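Using the numbering used here, you'd call the opening residue of the sequence shown number 96 and step up by one each time.
Virtual Cβ for every residue (Gly too), placed ideally from N, Cα, C.
All of these numbers come straight from a predicted model, not from anything done at the bench.
The structure appears below as structure tokens.
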Amino acid sequence: MPLEQRRLSSLAGSSASSGSFTLNPRQLTEAEKLRKVIMELLETEKTYVKHLNSLLEHYLEPMKKETFLSNSEVNALFGNIQEIVQFQRVFLQSLEEAIASEPDFHRFDHPAQFKNVLFALGNSFLYYADQFKLYSSFCASHSKAQKVLHPSKCKGLRNKDHVCPAAGEGNSALLEFLQSRNPKGQHSFSLESYLIKPIQRILKYPLLLQQLKHLTDPSSQEHLHLSEALKGMERVAEHINEMQRIHEEYGAIFDHLSRQHYKSSRQVRTNTPVA
């Protein structure tokens, strides 16, 4: 695994590859294998967007109406997930349009017939490559989300990290809220499970592109095009990895400066004479 993906993989865990379709080359033709991977990309994207929508509807929006967490704690939990959701809806539409552009897609029996679809899919990744960098902030702040969900991890850090919730009533209220959103206690519907999905998904894209590239003729234009799309997503992974490294090294300093600025601003407002 490339070095730039190891840090993200440690966050995503072994379940990053869950949901993929099993390919059996002894039973499928080359065209069928190619179509299978394309459909895996599309169907898992639909599922991913559905999960993101559920995260907003079942957790973020209801939590905004509660008072047991501060704004900074809510932001630590969800980061820029709303921006990611908006982007992924657009990206999903581009994938759907790429496949819909070929009415005979499901009847193709030769890999060369997928050329236009593969170019369209590659274009989606290349066009939106910079938008995927939205994940940098989300992945880098994942440790903060863990501190909010698991206050025990904050032991000894109360004065260092302003996202650690206070002990007692606040934690009980959070626990009750999470239980009410997932009454059967199913891990797949837990907030933690939803919050790890963006990290798993951003890791999955290069793997799917690699499979598509592998199933095309090395001398074909679509193979070269998919190679460029793969390189683009690998650069995104490098960027996310670097932002995470910076956050791990300097995040505490940024948080400290932010708190000091907040305290200073508050003192200025408090000491300002009333006209």
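Can you find the residues in the same chain that come closer than 8 Å, C-beta to C-beta, to residue i, ignoring five residues on each side of it along the sequence?
i    : result
S285 : L273 and N277
S322 : K308
I312 : The sequence shown places Asp at residue 312, rather than the Ile named in the question. Result list for D312: P206, A207 and H318, in chain order.
L151 : I176, Q177 and V180
Check for me: the alpha helix (DSSP H) holding residue i runs from which residue to which?
i    : result
T142 : E125 to L150
Q305 : L286 to H309
P157 : E156 to K159
K239 : H237 to L244
E191 : I176 to A195
S219 : K210 to Y222
L172 : N166 to F173
Please determine, among the options, the residue with the shortest C-alpha to C-alpha distance to residue i.
i    : options                   : result
R184 : H318, V144 and S322       : V144
S165 : L303, Q306 and V243       : V243
A235 : R340, L129 and I133       : R340
E125 : H245, F203 and L290       : F203
F214 : D199, L269, S315 and F163 : S315
Y300 : L325, H320, H201 and T162 : L325
S171 : D225, L123, H245 and A195 : Looking at the sequence shown, residue 171 is not Ser but Ala. Answer by Cα proximity: H245.
H320 : F209, L229 and E271       : F209
E200 : K159, M134, S189 and K160 : Reading off the sequence shown, one finds Phe at residue 200, where the question assumed Glu. The candidate whose alpha carbon is nearest that of F200 is M134.
M158 : A195, E271 and V331       : E271
Between residue i and residue j, is the Cβ-Cβ spacing less than 8 Å?
i    : j    : result
V180 : A193 : no
H237 : I176 : no
S191 : L147 : The question names Ser, but residue 191 in the sequence shown is Glu. Going by C-beta atoms, E191 is not nearer than 8 Å to L147.
L216 : G327 : no
S231 : M338 : yes
F182 : I297 : no
L269 : F163 : yes
Only counting the same chain, and skipping five residues up and downstream in sequence, which positions put a Cβ closer than 7 Å to that of residue i?
i    : result
S288 : H282
E197 : N211 and V212
V132 : L303, Q306, L307 and L310
F173 : L155
S267 : none
F233 : G174, N175, I176, I179 and P293
L123 : K131
Given residue i, which residues of its chain have a CB within under 6 Å of its CB, disregarding the five upstream and five downstream residues?
i    : result
Y223 : F186
G251 : Legend: pLDDT at G251 = 47, less than 50; position of this residue unreliable, value from coordinates given subsequently. Excluding sequence neighbours, G251 sits near nothing in its chain.
H153 : R276
K279 : none
H342 : A235
When you compare the CB of residue i with every CB in chain C, is at least one pair closer than 8 Å?
i    : result
S189 : The displayed structure is made up of one protein chain only, and chain C is not part of it.
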